[in-house]
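Asker: From first to last, the protein sequence lines stand for chains V and D. Under the working numbering, think of the first position of the first sequence as 1, with each following residue one higher. Under the working numbering, think of the first position of the second sequence as 1, with each following residue one higher.
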Amino acid sequence: MNSEPKTKLGLIDDAACVRRAKELLAELNVDLDPETPVEQLGVGYWQLTEIAKALSYDTSILIMDEPTSSLTKNETEFLFELIAKLKQRGIAIIYISHRMDEIFRICDRITVMRDGRHSLTDDCANLTMDTVIEHIVGSQVGEAFEWVERPYDTSGEPVLKVDRLTAGTKVRNVSFEVRRGEILGIAGLMGSGRTELARALFGIDPIDSGEVWIRGEKRKIRNPSDAMAAGVALVPEDRRTQGLVLDHSVKDNILVTILSKLRKGVFVDDREGNRRAEQFVRKLSIKTDNIFKKSGLLSGGNQQKIVIAKWLAIEPDILILDEPTIGVDIGAKTEIVKIIREFADSGKAVIVISSELVELLAVSDRLLVMHQGEVRKQLRRQQIRNEEELQHAIQNI
Amino acid sequence: MLSKTSEIVGKQKSLSFDWRKYMVYIAFAVVFVFFAATLYDDGFLTTNNLLNIIRQTAIISIMAVAMTFVIGAAQIDLSVGSIAALASLTCALAMESGFGLLGGIVAGLGTGVVIGLINGLLISRLAIPSFLVTLGTMIIVSGAAMWITNTAPVPIRDTTFTFIFGSGNIGPVPILLVWMLVIAVIGHYLLRKTGYGRRTLATGGNENAARFSGINVSNIKLWVMVGSGTMAALAGMLYAGRMSSGRYTFGEGDEMSVIAAVILGGTSLFGGTATVVGTVIGALMIGMINNGLIIMGLDVSQQNVVKGLIIILAVAFGKKALKR
């Protein structure tokens with residue numbers, strides 16, 4: 001694409017295209033008919049096609065960003081062989097990954113970045129996994145991210161009980177419970193099924209089998225309004241595409257979940273609506289000129305607080321937050337952690353999904369570690385001494 | 001640092017005048033003053049002429065009010081003109097066949113409801129883009145309108161019908177103006193003040209976020225299409241009432257005037273922001289331009305060229321001012 005051989009007339013030379021594509025694929029040792037539409041191929045082949053495309057420019061440096069996140073084990077092996085071959089041909093490869101074992105297997109040198117800054121570069125031979133994790137984690141962790149042991153109700157019925165839940169291919173046979181006042185953290189690599197679990201519980205993706213019990217009652221969740229009726233709220237992973245209507249005001253975004261409750265005859269009670277919106281802006285200290293400002297004009301942290309506000313507005317029993325502090329500055333992060341704790345303290349159940357282990361360790365009373373759609377470990381917070389131990393728990397599955 | 005810059009940007013934006021929102025009112029005023037000054041001697045400002053403009057605009061306005069919801073939900077309905085034609089015929093045929101006034105009304109409106117439902121179901125349940133669905137139904141429905149009577153017009157003899165639907169006057173006020181105001185007021189409150197209106201705009205603004213907020217976006221899409229079909233049918237019946245007949249030529253090309261009125265009024269073509277009042281002003285402006293150009297003595301071809309230019313200018317100016 002964009003580098004097609006041209007005929008004398010300047011048109012795309014189809015025959016030459018097929019020939020060149022065949023050459024490229026043969027170089028990669030991929031057995032594919034170049035004229036198959038990419039759609040019909042498996043995800044693994046998409047990656048390979050992507051690599052072939054990158055090589056079609058006579059590449060000398062190839063950057064791969066989490067190339068294995070959607071590959072199966074066999075496909076990953078195949079990719080590694082390919083990387084070795086490309087290396088021999090003199091192509092430099094920058095390989096970005098969360099997965100330590102892969103990095104140590106195929107890389108010659110490692111660079112660690114943290115918070116947008118360079119933190120370490122050294123030959124693999126000089127490094128151990130421990131030192132790398134140390135550098136990823138860093139040493140300075142603010143006080144707000146100190147874990148506070150919180151008492152919560154371990155007796156009685158759990159607020160949420162999930163029993164052998166299966167949804168699609170990414171959530172398999174997942175069982176767990178969350179109790180009153182408890183914050184459950186879910187850790188795992190990208191693509192481990194954490195987000196998909198949240199989506200299934202909120203009715204975005206269909207549940208194939210398994211049961212969801214809420215406060216001792218079995219509930220059927222087929223769509224988000226079922227979930228909301230059952231008292232479940234989800235702060236989704238991407239606030240810009242899933243959380244907010246960026247063109248709409250702060251107020252409209254906060255109230256969108258409770259429009260049917262804010263009624264005065266057939267109309268929406270705007271006076272009451274404004275009052276509630278103001279209340280949330282104050283309570284969560286959302287920094288905005290007024291409640292009528294476009295939410296897209298606010299900073300990431302304030303936008304995220306709007307999303308949290310719109311879900312607190314329905315007064316849920318179970319609040320699920322998927323990567324709640326992604327792209328949020330440190331100040332807002334601390335505040336969001338505080339909001340989560342306060343909500344749990346009021347006797348509600350919270351599930352926090354996060355790739356930021358500091359934050360996960362700061363808020364969680366208990367942790368699930370997910371891998372390939374399954375819950376592999378359930379840990380009480382007391383069992384984990386520090387971030388390194390959690391990082392090891394996630395990596396060494 | 002970062003928060004500081006965003007604060008400044010925020011301040012500038014909130015201080016500056018929201019041009020796109022008020023563009024239509026400014027343009028309307030400019031065009032009105034221009035015609036009033038240059039065509040004063042030709043009688044542009046006479047009550048009679050102004051009422052004429054409203055008579056010519058009312059039917060487009062009614063369709064445009066419903067289209068505001070459609071475009072606000074980030075959909076489009078190209079079939080409105082052809083629905084108006086078919087509804088004028090089904091309505092006239094029902095009355096001719098002795099089903100009476102009520103039968104005619106039910107047949108006419110029913111035509112719009114059914115076609116709107118078909119549009120809406122195809123869009124929401126089969127997830128076909130509304131542009132394609134309504135392009136298809138537009139062709140089918142306009143074909144059906146020609147076929148149903150072999151292109152022959154159907155006369156309407158019921159004077160109650162013709163009075164209510166289009167040709168009557170209440171005192172000095174044409175009944176078309178009453179229809180237009182009633183539909184505009186209902187549309188305005190429905191959009192601004194009800195949960196349905198807010199959900200429609202949320203769906204148009206970000207369908208994914210709307211779904212993640214528990215909004216049934218399929219139903220929203222279904223209902224905006226049903227609304228648009230029904231209002232198009234009402235428009236067809238108003239044509240029929242005015243002309244005392246049903247004809248397959250009614251509403252021809254109206255979809256473009258209707259869409260132009262909505263966009264000119266300040267509704268975003270990409271959905272999410274919409275205004276019924278703006279839409280009505282937009283429709284009136286198009287009607288006023290038509291009227292003024294006729295009085296100026298331009299023929300139809302010249303009128304079209306000028307009309308198109310004014311629409312592009314108004315929208316482009318609104319956009320440019322917005323960027324600055």
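We put the CB at the ideal spot given by N, CA and C, even for glycine.
What does residue 213 of chain D reach in chain V if we use C-beta pairs closer than 8 angstroms?
Answerer: What you label residue 213 of chain D is simply residue 213 of the second sequence in a count that begins at 1. The contacting residues are 224, 256, 257 and 310.
Asker: Between V:382, V:372, V:357 and V:364, which has its C-alpha nearest residue 391 of chain V's C-alpha?
Answerer: Locating residue 391 of chain V in the first sequence gives position 391, counting from the first residue. Of the listed residues, the one whose Cα sits closest to residue 391 of chain V is V:357.
Asker: Excluding the 5 residues flanking residue 152 of chain D on each side, which residues of the same chain have their C-beta closer than 7 angstroms to its C-beta?
Answerer: The residue given as residue 152 of chain D occupies position 152 in the second sequence. Around residue 152 of chain D: no qualifying Cβ.
Asker: Report the residue from D:292, D:271 and D:249 whose alpha carbon sits nearest the alpha carbon of residue 74 of chain D.
Answerer: Your numbering for residue 74 of chain D matches position 74 in the second sequence. Per the Cα distances, D:271.
Asker: Which full runs of the alpha helix (DSSP H) of 4+ residues lie inside the segment 117-167 of chain D, going along the chain?
Answerer: 130-148 and 159-162
Asker: Is the shortest distance between the beta-carbon of residue 325 of chain V and the beta-carbons of chain D less than 7 angstroms?
Answerer: Looking up residue 325 of chain V in the first sequence gives position 325. Answer no: the Cβ-Cβ gap between residue 325 of chain V and chain D never drops below 7 angstroms.
Asker: Could you tell me whether the segment 255-263 of chain D touches the segment 67-84 of chain D, using the rule of 3 or more Cβ pairs below 8 angstroms?
Answerer: yes
Asker: To the nearest angstrom, how far is the alpha carbon of residue 248 of chain V from that of residue 202 of chain D?
Answerer: By one-based count along the first sequence, residue 248 of chain V stands at place 248. By one-based count along the second sequence, residue 202 of chain D stands at place 202. Distance from the CA atom of residue 248 of chain V to the CA atom of residue 202 of chain D, rounded to whole angstroms, is 8 angstroms.
Asker: Strictly below 8 angstroms CB to CB, what residues from chain D border residue 260 of chain V?
Answerer: The count along the first sequence starts at 1 and reaches residue 260 of chain V at position 260. Here the neighbours are 195.
Asker: So, is residue 382 of chain V buried or exposed, given that buried needs 16 or more other C-beta atoms within 10 angstroms?
Answerer: What you label residue 382 of chain V is simply residue 382 of the first sequence in a count that begins at 1. Around the beta carbon of residue 382 of chain V, a 10 Å sphere encloses fewer than 16 other beta carbons of the protein chains shown; the residue is thus reported as exposed.
Asker: Ordered along the chain, which non-local residues of its own chain (more than five positions away) have a Cβ less than 6 angstroms from that of residue 243 of chain V?
Answerer: Numbered from its first residue, the first sequence carries residue 243 of chain V at position 243. Hits under 6 angstroms: 236 and 307.
Asker: Does DSSP classify residue 46 of chain V as helix, strand or coil?
Answerer: Looking up residue 46 of chain V in the first sequence gives position 46. In the three-state DSSP reduction, residue 46 of chain V falls in the helix class (H, G or I).
Asker: Is the Cβ of residue 68 of chain V closer than 7 angstroms to any Cβ of chain D?
Answerer: Translated into positions along the first sequence, residue 68 of chain V becomes position 68. Not closer than 7 angstroms to any Cβ of chain D, the Cβ of residue 68 of chain V fails to qualify, so no.
Asker: Just the chain D side, please: which residues come within less than 7 angstroms of residue 280 of chain V by C-beta, in chain order?
Answerer: Position 280 of the first sequence, counted from the first residue, corresponds to residue 280 of chain V. Those within 7 angstroms of residue 280 of chain V in chain D number zero; the least Cβ separation is about 15 angstroms.
Asker: At 9 angstroms on the CB atoms, spell out the chain V contacts of residue 166 of chain D, in chain order.
Answerer: On the second sequence, position 166 is the one that residue 166 of chain D refers to. Within 9 angstroms Cβ-Cβ: nothing; residue 166 of chain D doesn't reach chain V, min ~29 angstroms.
Asker: Is residue 272 of chain D close to chain V, meaning its C-beta is less than 7 angstroms from at least one C-beta of that chain?
Answerer: Position 272 of the second sequence, counting from 1, holds the residue named residue 272 of chain D. True, the Cβ-Cβ gap to chain V drops below 7 angstroms.
Asker: From this set, V:384, V:377 and V:388, which residue's C-alpha is nearest residue 192 of chain V's C-alpha?
Answerer: As a position in the first sequence, residue 192 of chain V is number 192, starting the count at 1. Out of V:384, V:377 and V:388, V:377 has the C-alpha closest to the C-alpha of residue 192 of chain V.
Asker: With burial defined as no fewer than 16 other Cβ atoms inside 10 Å of the residue's Cβ, what is the status of residue 81 of chain V: buried or exposed?
Answerer: Position 81 of the first sequence holds residue 81 of chain V. Per the 10 Å Cβ criterion, exposed.
Asker: Pull out every residue of the segment 229-249 of chain V whose Cβ sits closer than 8 angstroms to any Cβ of chain D, in chain order.
Answerer: 234, 236, 241, 242, 243, 244, 245, 246, 247 and 248
Asker: Is the beta carbon of residue 174 of chain V closer than 7 angstroms to that of residue 349 of chain V?
Answerer: Mapped onto the first sequence, residue 349 of chain V falls at position 349. Mapped onto the first sequence, residue 174 of chain V falls at position 174. Contact annotation: residue 349 of chain V and residue 174 of chain V have beta-carbon atoms that are not nearer than 7 angstroms.
Asker: With 7 angstroms as the threshold, decide whether the Cβ of residue 219 of chain D is near any Cβ in chain V.
Answerer: Within the second sequence, the letter at position 219 stands for residue 219 of chain D. Chain V contact via Cβ: absent.
Asker: Just to confirm the assignment, what range does the alpha helix (DSSP H) spanning residue 186 of chain D have?
Answerer: Within the second sequence, the letter at position 186 stands for residue 186 of chain D. Segment 175-193, the alpha helix (DSSP H) holding residue 186 of chain D.
Asker: Going straight from the alpha carbon of residue 11 of chain D to that of residue 320 of chain V, what length do you get?
Answerer: For the purposes of this step, residue 11 of chain D is identified with residue 11 of the second sequence, where counting begins at 1. For the purposes of this step, residue 320 of chain V is identified with residue 320 of the first sequence, where counting begins at 1. Bear in mind that a pLDDT of 40 at residue 11 of chain D, under 50, signals an unreliable position, so the model cannot answer this.
Asker: Measuring CA to CA, which of V:372, V:393, V:365 and V:329 is closest to residue 147 of chain V?
Answerer: For the purposes of this step, residue 147 of chain V is taken as residue 147 along the first sequence, with counting starting at 1. When only C-alpha atoms are compared, the closest one is V:365.
Asker: Rounded to whole angstroms, what is the Cα-Cα separation between residue 154 of chain D and residue 90 of chain D?
Answerer: Mapped onto the second sequence, residue 154 of chain D falls at position 154. Mapped onto the second sequence, residue 90 of chain D falls at position 90. The alpha-carbon atoms of residue 154 of chain D and residue 90 of chain D are separated by roughly 9 angstroms.
Asker: How would you list, in chain order, the residues of chain D whose beta-carbon sits under 7 angstroms from the beta-carbon of residue 171 of chain V?
Answerer: For this step, residue 171 of chain V is matched to residue 171 along the first sequence. Within 7 angstroms Cβ-Cβ: nothing; residue 171 of chain V doesn't reach chain D, min ~18 angstroms.
Asker: Straight-line CA distance for residue 34 of chain D to residue 56 of chain D?
Answerer: Counting from 1 along the second sequence, the entry for residue 34 of chain D is found at position 34. Counting from 1 along the second sequence, the entry for residue 56 of chain D is found at position 56. Whole-angstrom Cα-Cα distance: 20 angstroms.
Asker: Taking the beta carbon of residue 174 of chain D as the centre, do at least 16 other beta carbons fall within 10 Å, making it buried, or is it exposed?
Answerer: In the second sequence, counting from the first residue as 1, residue 174 of chain D sits at position 174. It is buried - the Cβ of residue 174 of chain D has at least 16 other Cβ atoms within 10 Å.
Asker: Below 8 angstroms on C-beta distance, what does residue 267 of chain V contact in chain D?
Answerer: Counted from its first residue, the first sequence places residue 267 of chain V at position 267. Within 8 angstroms Cβ-Cβ: 189, 193 and 194.
Asker: Could you tell me whether any Cβ in chain V is nearer than 7 angstroms to the Cβ of residue 125 of chain D?
Answerer: The residue given as residue 125 of chain D occupies position 125 in the second sequence. No, no contact with chain V.
Asker: Would you call the CB atoms of residue 257 of chain V and residue 309 of chain V closer than 7 angstroms?
Answerer: For this step, residue 257 of chain V is matched to residue 257 along the first sequence. For this step, residue 309 of chain V is matched to residue 309 along the first sequence. No.
Asker: Consult DSSP for residue 204 of chain V and reduce its assignment to one of helix, strand or coil.
Answerer: By 1-based counting over the first sequence, the position of residue 204 of chain V is 204. If DSSP states are grouped into helix, strand and coil, residue 204 of chain V belongs with coil.
Asker: Going by the CB atoms, is the gap between residue 216 of chain D and residue 245 of chain V shorter than 7 angstroms?
Answerer: Sequence index remark: in the first sequence, residue 245 of chain V carries index 245 (1-based). Sequence index remark: in the second sequence, residue 216 of chain D carries index 216 (1-based). Result no, Cβ atoms of residue 245 of chain V and residue 216 of chain D do not sit closer than 7 angstroms.
Asker: Report the partner residues of residue 264 of chain V according to the DSSP bridge assignment.
Answerer: In the first sequence, the residue the question calls residue 264 of chain V occupies position 264. V:267, per the DSSP bridge assignment.
Asker: What would DSSP say about residue 347 of chain V, mapped onto helix, strand or coil?
Answerer: As a working mapping, residue 347 of chain V is identified with position 347 in the first sequence. Reduced to three states, the DSSP call for residue 347 of chain V is coil.
Asker: DSSP three-state label for residue 305 of chain D, please.
Answerer: Locating residue 305 of chain D in the second sequence gives position 305, where the first residue counts as 1. Residue 305 of chain D sits in a helix when the DSSP states are folded into three classes.
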